[in-house]
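In the UniProt record's numbering, the protein residues as written are 1 to 202. Glycine residues also receive a C-beta, built at the ideal position from the N, C-alpha and C atoms.
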């Protein structure tokens with residue numbers, strides 16, 4: 001992270017709330033947003049409690065009131081972002097009645113969301129090396145992520161729909177690093193990912 005980045009981000013604004021609980025919730029929201037900006041600007045390796053404390057103008061002990069460790073911070077970021085990711089994904093999948101179209105929508109929507117930058121920090125961090133406790137928290141949220149895909153696979157009478165859903169997610173994970181600024185190339189990647197998934201179902 002450069003000095004210019006630090007200057008642009010600045011400290012978390014002073015928060016005034018009527019209750020301690022509301023103050024804490026607002027401060028937590030500000031910290032999570034600052035952490036997302038830090039990851040977007042400097043990459044996941046730059047995300048440490050020391051860096052976040054310096055960025056927002058808090059002491060390390062004050063930051064420990066919200067996050068016990070880097071893993072705790074990462075898990076909190078993913079837990080905060082995944083419900084929005086899941087809601088958007090569920091809405092897109094629900095627009096289609098045909099199970100194969102729902103599976104295609106699941107793949108396309110995830111890859112499209114990865115290119116628009118809104119959820120990139122959580123996605124990058126979810127794949128980073130984390131301790132067992134943080135991974136368990138994240139995997140609990142991922143179970144909700146796969147639900148519409150598992151339902152579509154079950155409607156196609158595919159054997160072992162839960163296992164197939166995770167294999168399909170593997171295609172999404174493999175395709176995501178290939179996405180970039182070239183929209184035509186991105187469309188080819190999306191089409192290839194959907195074709196691979198649908199062609200390999202049976």
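Using a Cβ-Cβ cutoff of less than 8 Å, which residues in the same chain neighbour residue i once the five nearest sequence positions on both sides are dropped?
{"i": "residue 79", "result": "137, 138 and 141"}
{"i": "residue 187", "result": "none"}
{"i": "residue 8", "result": "With a pLDDT of 45 at residue 8, under the threshold of 50, the modelled position of that residue is not reliable, and the figure given next carries that caveat. So no residue of the chain qualifies."}
Considering only their Cβ atoms, is the gap separating residue j from residue i smaller than 7 Å?
{"i": "residue 47", "j": "residue 39", "result": "yes"}
{"i": "residue 197", "j": "residue 168", "result": "yes"}
{"i": "residue 115", "j": "residue 179", "result": "yes"}
{"i": "residue 194", "j": "residue 104", "result": "yes"}
{"i": "residue 90", "j": "residue 148", "result": "yes"}
{"i": "residue 49", "j": "residue 63", "result": "yes"}
{"i": "residue 21", "j": "residue 71", "result": "no"}
{"i": "residue 145", "j": "residue 86", "result": "yes"}
Going by beta carbon distance, what residues of the same chain come within less than 6 Å of residue i, once the five residues before and after it are set aside?
{"i": "residue 5", "result": "Note that residue 5 scores a pLDDT of 42, beneath 50, so its modelled location is shaky; the value from the coordinates is reported in the next line. Cβ within range, chain order: 41."}
{"i": "residue 93", "result": "102, 105, 106 and 148"}
{"i": "residue 174", "result": "none"}
{"i": "residue 29", "result": "none"}
{"i": "residue 60", "result": "53"}
Once you ignore the five residues that flank residue i on each side, which residues in its own chain have a CB closer than 7 Å to its CB?
{"i": "residue 35", "result": "47, 52, 73 and 77"}
{"i": "residue 161", "result": "150, 153 and 154"}
Going by Cα to Cα distance, which pick from the options is closest to residue i?
{"i": "residue 112", "options": "88, 99 and 71", "result": "88"}
{"i": "residue 200", "options": "183, 181, 159 and 185", "result": "159"}
{"i": "residue 97", "options": "171, 182, 33 and 156", "result": "156"}
{"i": "residue 176", "options": "192, 164 and 163", "result": "192"}
Tell me which residue opens and which closes the alpha helix (DSSP H) that residue i is part of.
{"i": "residue 77", "result": "70-94"}
{"i": "residue 182", "result": "Taken as a continuous stretch (DSSP letters only), residue 182 belongs to no alpha helix (DSSP H), as it is neither H nor E."}
{"i": "residue 66", "result": "No alpha helix (DSSP H) holds residue 66; DSSP gives it neither H nor E."}
{"i": "residue 23", "result": "20-42"}
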